[in-house]
Amino acid sequence: MASAPRDDPYTAFPYSGPPSSGHGSGAPATPIPEQMNIGAETPGTPATPYTNPFSTPAQNSYAGLPTDSPRLSRPFLPDGNRNSTVEGTALVSEKPYAPSRPRRTLKKWLLIGGAAAIAIFLAVFLPLFFLVIRKSSGSSGSGGNSGSNPGPSSNPESPTGATSGTDGSVIEMADGTTFTYTNPFGGVWVSDPTNPFNNSARAQSFTPALNEPWDYTKDQIRGVNLGGWLVVEPFIVPALFEKYQNSTPSVALPGGLVVDEWSLSVAMLNDTSDGGGIQQMEEHYKTFITEQDFAQIAGAGLNWIRLPVPYWAIETWPGEPFLAKAAWKYVLNAFEWARKYGLRIYLELHTAPGSQNGYNHSGRLGPVNMLNGYMGIANAQRTMDYIRYIAEFITQEEYEDVVPMFGVLNEPLLGIIGRDQLTRFYLQAHDMIREMTGIGKGAYIVIHDGFQGTGSWADFLPGSDRIILDTHPYVAFGGDFNHPLDFWPQTGCIAFNSNASQATFGLTLSGEFSGAINDCGKWVINIGQNPSATDCDVWNDWANWTADMKTGIKNFVMSQMDGMHQPGYFFWTWKVGNSSVTGKVEAPFWSYQLGLENGWIPTDPREALGLCESLGFAQNAPIGTYQPWQTGGSGAGTIAATARASFSQYPPPAISNVNGADVAQLPVFTATSAVPTLPAPQFSAATTSGGDGWADAADTSLAAAPIAGCAYPNAWGPQPGSTAAVCGGAAPTPPPSK
Numbered sequence: 003m004a005s006a007p008r009d010d011p012y013t014a015f016p017y018s019g020p021p022s023s024g025h026g027s028g029a030p031a032t033p034i035p036e037q038m039n040i041g042a043e044t045p046g047t048p049a050t051p052y053t054n055p056f057s058t059p060a061q062n063s064y065a066g067l068p069t070d071s072p073r074l075s076r077p078f079l080p081d082g083n084r085n086s087t088v089e090g091t092a093l094v095s096e097k098p099y100a101p102s103r104p105r106r107t108l109k110k111w112l113l114i115g116g117a118a119a120i121a122i123f124l125a126v127f128l129p130l131f132f133l134v135i136r137k138s139s140g141s142s143g144s145g146g147n148s149g150s151n152p153g154p155s156s157n158p159e160s161p162t163g164a165t166s167g168t169d170g171s172v173i174e175m176a177d178g179t180t181f182t183y184t185n186p187f188g189g190v191w192v193s194d195p196t197n198p199f200n201n202s203a204r205a206q207s208f209t210p211a212l213n214e215p216w217d218y219t220k221d222q223i224r225g226v227n228l229g230g231w232l233v234v235e236p237f238i239v240p241a242l243f244e245k246y247q248n249s250t251p252s253v254a255l256p257g258g259l260v261v262d263e264w265s266l267s268v269a270m271l272n273d274t275s276d277g278g279g280i281q282q283m284e285e286h287y288k289t290f291i292t293e294q295d296f297a298q299i300a301g302a303g304l305n306w307i308r309l310p311v312p313y314w315a316i317e318t319w320p321g322e323p324f325l326a327k328a329a330w331k332y333v334l335n336a337f338e339w340a341r342k343y344g345l346r347i348y349l350e351l352h353t354a355p356g357s358q359n360g361y362n363h364s365g366r367l368g369p370v371n372m373l374n375g376y377m378g379i380a381n382a383q384r385t386m387d388y389i390r391y392i393a394e395f396i397t398q399e400e401y402e403d404v405v406p407m408f409g410v411l412n413e414p415l416l417g418i419i420g421r422d423q424l425t426r427f428y429l430q431a432h433d434m435i436r437e438m439t440g441i442g443k444g445a446y447i448v449i450h451d452g453f454q455g456t457g458s459w460a461d462f463l464p465g466s467d468r469i470i471l472d473t474h475p476y477v478a479f480g481g482d483f484n485h486p487l488d489f490w491p492q493t494g495c496i497a498f499n500s501n502a503s504q505a506t507f508g509l510t511l512s513g514e515f516s517g518a519i520n521d522c523g524k525w526v527i528n529i530g531q532n533p534s535a536t537d538c539d540v541w542n543d544w545a546n547w548t549a550d551m552k553t554g555i556k557n558f559v560m561s562q563m564d565g566m567h568q569p570g571y572f573f574w575t576w577k578v579g580n581s582s583v584t585g586k587v588e589a590p591f592w593s594y595q596l597g598l599e600n601g602w603i604p605t606d607p608r609e610a611l612g613l614c615e616s617l618g619f620a621q622n623a624p625i626g627t628y629q630p631w632q633t634g635g636s637g638a639g640t641i642a643a644t645a646r647a648s649f650s651q652y653p654p655p656a657i658s659n660v661n662g663a664d665v666a667q668l669p670v671f672t673a674t675s676a677v678p679t680l681p682a683p684q685f686s687a688a689t690t691s692g693g694d695g696w697a698d699a700a701d702t703s704l705a706a707a708p709i710a711g712c713a714y715p716n717a718w719g720p721q722p723g724s725t726a727a728v729c730g731g732a733a734p735t736p737p738p739s740k
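Here the sequence shown is numbered in the numbering used here, starting from 3 and rising by one per residue.
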């Protein structure tokens, strides 16, 4: 997640297109750049410094935010009025763009009632009809989906023994508890114990089933993140961190501060009391997100999940306190549950050894040590290995329909790492993945914009095979919050719209956005840092929000949904846990589930379509067709010679923050270790295999390992302040004989 220290998150870039027009009464007269981020810095301008207990100012020094960042003017309502207070007139009603209708006659009402009854009949029975037709005719997607329904006693996951169901069916979870599947959108769940790779489930009647192709030019991604589940963050799961806010200081826990998963893991390891220990983390995995959440996500009208995964789901190295390998089991659970409810997964590597951005959600709050600093090359080697292992697993045919997108690295901090270095890394990842999948096959590769805005990535690696650009637009970390509620929808409709990038880059989606109009919420910034907004007591008290407040936040959320609707978006995040101190959610803007239950998230995300147009905020460019190579067609995989010439050298010829040291002499690892192949799930009643975790038999290279006899700097920093090379690319000098 793009959370604190979000001091340098998003860069506004100069608008180069024609002036915007057709914004309606009171719309801004000046053009608004695509992806202009409220409160963000201008290009190349570092952000406000933050206090970091794990680094010195020299390691993470940022200048102040500019005072002349472009701002959006306040919009008028369609009738020319403005809101001036939180409790003022709501921007739009629950159905903001529905025109008023004249009174109807009784005859017309009867006709409408009959049509509604037919529609309900079709919504309930057609999905089952097509499911039976598909299965009896042997239609299947990858992984094998054919076969008839087994008898009632063959499915322990359904109290009735059914292998599929719709709205109102009862489902039994692994722990024996049951819940009723609620899906008013015609969704069909499918769970066949003899064929656990059946891909005929459908999240909603208007969403393609898993064994049907997804058309990125037409089908709309309406997604949500599972943040805080497998990569914990203080504001999402405050109870885990509240327990250890008075920890005893130690060398491993400077100042006793527990501020990220690294320090939380240390505190848990030090806790030998009943209920202590690092296994608390797995208990969190078991309980925070369950199968019922996946069912509820489909029932909320959402069709995709973005799943952040830590590298320690694969392994840890000595000195790293994270719970090793345990999270992978829950990744497999996510695959199984997504398949059952017809949800697609955008799987994303959320952390990197040494940290790719220095934020708490990278694992450790502190300096950036991936592609930066003395251990930058070595840490990038490990990161590329983890990308490889995940890609090998999801490229197996059993998972291709369920995991159509793979994000190779969440939010690398380009301003520290450098565009040249990051582009070379992305090119290496692209070539490695496409060598194992083949051109036009396997998951789409997703890269993050590095907080530089989508416009700066135009014409990236032309001729590559299916790369998606991910951007994370947030208001909450900009610092400019003093606006009435009617101000914010133009942000979602115009400033966060990415249509121009669809033409200049290709597929561009919003992998994270939220309902936050300020930085309120416990620990949203960081543990130990207070929000800058002045009205947080009001906004944190969500149980007492007025109807106008809820409608205002709902309008902001829907404006983003509409502005980002093609190819789509992922709300951050599905769930925020209760505080152990107050017993309630303390960051309400960020919980889709809470907003759904309390009225500031739409019960049907399709409500958002047309909102921007109804408010007079025309989109800045029409969404056209993509170039064939951008979607795996003609020319895909043939990267332009000029781009290869510019970025093919790897490791990069230069690395920042090494005091001029020769990159060729920086510490590196050697590929001599056994590969930690990711285990596949086991199904006792299955007649099909879950794969062996490795799609490409020709990929036989070994894993990175330290070179014997070398002394390495701290992989997580702080880095040494000298130019002395420490066991670099050359063979190490043998130790002196005794």
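Backbone N, C-alpha and C define an ideal beta-carbon position, used for all residues, glycine too. Predicted model, so just to flag it, every value in this text is computed and none were measured.
Output the distance between the C-alpha atoms of residue 405 and residue 428, rounded to the nearest integer angstrom. Numbered from 1 along the sequence shown, position 403 holds the residue referred to as residue 405. Numbered from 1 along the sequence shown, position 426 holds the residue referred to as residue 428. In this structure, the straight-line span from the alpha carbon of residue 405 to that of residue 428 is close to 20 Å.
So who's on the other strand from residue 166, going by DSSP bridges? Taking the first residue of the sequence shown as 1, we reach residue 166 at position 164. Answer is 192.
Taking DSSP as the reference, what is the three-state secondary structure of residue 407? Indexing the sequence shown from 1 puts residue 407 at position 405. DSSP places residue 407 within a strand segment (E or B) once states are collapsed to three.
Validate contact between the region 449-469 and the region 627-642 using beta carbons, cut 8 Å, 3 pairs: With a cut-off of 8 Å, the region 627-642 and the region 449-469 count as touching, because enough Cβ pairs lie within range.
Counted within 10 angstroms of its Cβ, other Cβ atoms place residue 705 as buried (16 or more) or exposed: On the sequence shown, residue 705 is found 703 positions in, with the first residue counted as 1. Taking all protein chains in view, the Cβ of residue 705 is crowded by 16 or more other Cβ atoms within 10 Å, so the residue is classified as buried.
Taking the runs of the alpha helix (DSSP H) that are 4 residues or longer, which of them lie wholly in the region 472-552? Entirely contained in the region 472-552, the alpha helix (DSSP H) runs reaching 4 residues are, in chain order, 501-506 and 538-542.
On the DSSP bridge assignment, give the partners of residue 306 in chain order. Walking along the sequence shown from the start, residue 306 turns up at place 304. Beta-bridge annotation (DSSP): residue 306 is paired with 225 and 346.
Coil, strand or helix - residue 462 by DSSP: Counted from its first residue, the sequence shown places residue 462 at position 460. Coil.
Figure out for me which residue from 264, 516 and 638 has the closest Cα to the Cα of residue 576. As a first step, residue 576 must be located in the sequence shown, where it is residue number 574. Answer by Cα proximity: 516.
Going by the CB atoms, is the gap between residue 216 and residue 291 shorter than 7 Å? Locating residue 291 in the sequence shown gives position 289, counting from the first residue. Locating residue 216 in the sequence shown gives position 214, counting from the first residue. Contact flag unset, no.
With a threshold of 16 other CB atoms inside 10 Å of the CB of residue 443, please say whether the residue is buried or exposed. In the sequence shown, residue 443 corresponds to position 441, counting from 1. Within 10 angstroms of the beta-carbon of residue 443 lie fewer than 16 other beta-carbons, which makes it exposed.
Alpha helix (DSSP H) segments (min. 4 residues) lying fully within the region 679-723: For the region 679-723, not one full-length alpha helix (DSSP H) segment reaches 4 residues or more.
Same chain, Cβ closer than 7 Å to residue 507, five either side skipped, listed in chain order: Your numbering for residue 507 matches position 505 in the sequence shown. Cβ within range, chain order: 456, 459, 460, 462 and 471.
With C-beta atoms as the reference, is residue 529 less than 7 Å away from residue 236? Here residue 529 corresponds to residue number 527 of the sequence shown, with the count starting at 1. Here residue 236 corresponds to residue number 234 of the sequence shown, with the count starting at 1. The answer is yes: Cβ separation under 7 Å.
Straight-line gap, residue 454 to residue 700 (C-alpha atoms, nearest Å): Here residue 454 refers to the residue found at position 452 of the sequence shown. Here residue 700 refers to the residue found at position 698 of the sequence shown. Approximately 37 Å, taken between the alpha carbons.
Could you tell me if residue 403 is buried or exposed, where buried requires 16 or more neighbouring beta carbons within 10 angstroms of its beta carbon? Looking up residue 403 in the sequence shown gives position 401. With 16 or more other CB atoms across the displayed protein chains lying within 10 angstroms of its CB, residue 403 is buried.
Check whether the region 583-594 and the region 233-248 touch, using three or more Cβ-Cβ pairs below 8 Å as the test. Contact between the region 583-594 and the region 233-248 is present, because at least three Cβ pairs lie under 8 Å.
Could you check what DSSP says for residue 570 in three-state terms: helix, strand or coil? Here residue 570 refers to the residue found at position 568 when the sequence shown is read from its first residue. Note: residue 570 maps to strand in three-state DSSP.
Spell out whether any CB of chain C is found under 7 Å from the CB atom of residue 427. Going by chain labels, chain C is absent from the structure shown, which holds only one protein chain.
Return helix, strand or coil for residue 180, following the three-state DSSP convention. Position 178 of the sequence shown, counted from the first residue, corresponds to residue 180. The answer is strand: DSSP assigns residue 180 an E or B state.
With a Cβ-Cβ cutoff of 7 Å, do residue 159 and residue 193 count as a contact? Against the sequence shown, residue 159 aligns to sequence position 157. Against the sequence shown, residue 193 aligns to sequence position 191. The answer is yes: Cβ separation under 7 Å.
Closer than 8 Å by C-beta to residue 665: which residues in its own chain qualify, once you throw out the five before and the five after it? Chain order, please. As a working mapping, residue 665 is identified with position 663 in the sequence shown. Cβ neighbours of residue 665 beyond the five flanking positions: 379, 653, 654, 655, 656 and 657.
Nearest neighbour of residue 672, chosen from 711, 367, 690 and 424 [CA to CA]: Residue 672 sits at position 670 when you count from the first residue of the sequence shown. Minimum Cα distance to residue 672 is reached at 711.
Would you check if there are 3 or more beta carbon pairs closer than 8 Å linking the region 316-334 to the region 486-495? Taking 8 Å as the limit for Cβ pairs, the verdict is that the region 486-495 does not touch the region 316-334.
With DSSP collapsed to three states, give me the class of residue 388. For this step, residue 388 is matched to residue 386 along the sequence shown. Looking at residue 388 - three-state DSSP - the assignment turns out to be helix.
Segment contact, 8 Å Cβ cut-off, at least three pairs: the region 606-621 with the region 264-280: Counting Cβ pairs under 8 Å, fewer than three are found: no touch.
Short Cβ contact (7 Å threshold) for residue 276 with residue 366: If you number the sequence shown from 1, residue 276 lands on position 274. If you number the sequence shown from 1, residue 366 lands on position 364. By the CB criterion at 7 Å, residue 276 and residue 366 fall outside the cutoff.
Close-in-space but distant-in-sequence residues of the same chain around residue 279 (CB under 8 Å, 5 per side omitted): Translated into positions along the sequence shown, residue 279 becomes position 277. Result list for residue 279: 270, 271 and 273, in chain order.
According to the Cβ coordinates, are residue 302 and residue 189 closer than 7 Å? Position 300 of the sequence shown, counted from the start, is the residue given in the question as residue 302. Position 187 of the sequence shown, counted from the start, is the residue given in the question as residue 189. Result no, Cβ atoms of residue 302 and residue 189 do not sit closer than 7 Å.
Taking DSSP as the reference, what is the three-state secondary structure of residue 172? The residue you call residue 172 lines up with position 170 of the sequence shown. Residue 172: strand per DSSP, three-state reduction.
If we ignore side chains and look at the alpha-carbon of each, how far apart do residue 678 and residue 703 end up? Working through the sequence shown from its first residue, we reach residue 678 at position 676. Working through the sequence shown from its first residue, we reach residue 703 at position 701. Going from the Cα of residue 678 to the Cα of residue 703 covers about 12 Å.
For my contact list, residue 438 and residue 397 are in at a C-beta cut-off of 8 Å; report their separation, rounded to the angstrom. Locating residue 438 in the sequence shown gives position 436, counting from the first residue. Locating residue 397 in the sequence shown gives position 395, counting from the first residue. Right, the Cβ-Cβ distance comes to about 6 Å (below 8 Å), so this counts as a contact.
For the putative contact between residue 223 and residue 669, defined by C-beta atoms under 8 Å, what is the C-beta separation to the nearest angstrom? Residue numbering aside, residue 223 sits at position 221 when the sequence shown is read from its first letter. Residue numbering aside, residue 669 sits at position 667 when the sequence shown is read from its first letter. That belief does not hold up - the Cβ atoms of residue 223 and residue 669 are roughly 40 Å apart, past 8 Å.
What is the DSSP secondary structure of residue 352, reduced to helix, strand or coil? The residue labelled residue 352 in the question sits at position 350 within the sequence shown. Coil, per DSSP.
Through-space distance from residue 317 to residue 512, alpha-carbon basis: Residue mapping note: residue 512 aligns to position 510 of the sequence shown, counting from 1. Residue mapping note: residue 317 aligns to position 315 of the sequence shown, counting from 1. Near 29 Å, if we compare the C-alpha coordinates of residue 317 and residue 512.
Taking the Cβ atom as the reference point for each residue, do residue 692 and residue 680 lie within a distance shorter than 7 Å? Taking the first residue of the sequence shown as 1, we reach residue 692 at position 690. Taking the first residue of the sequence shown as 1, we reach residue 680 at position 678. Contact flag unset, no.
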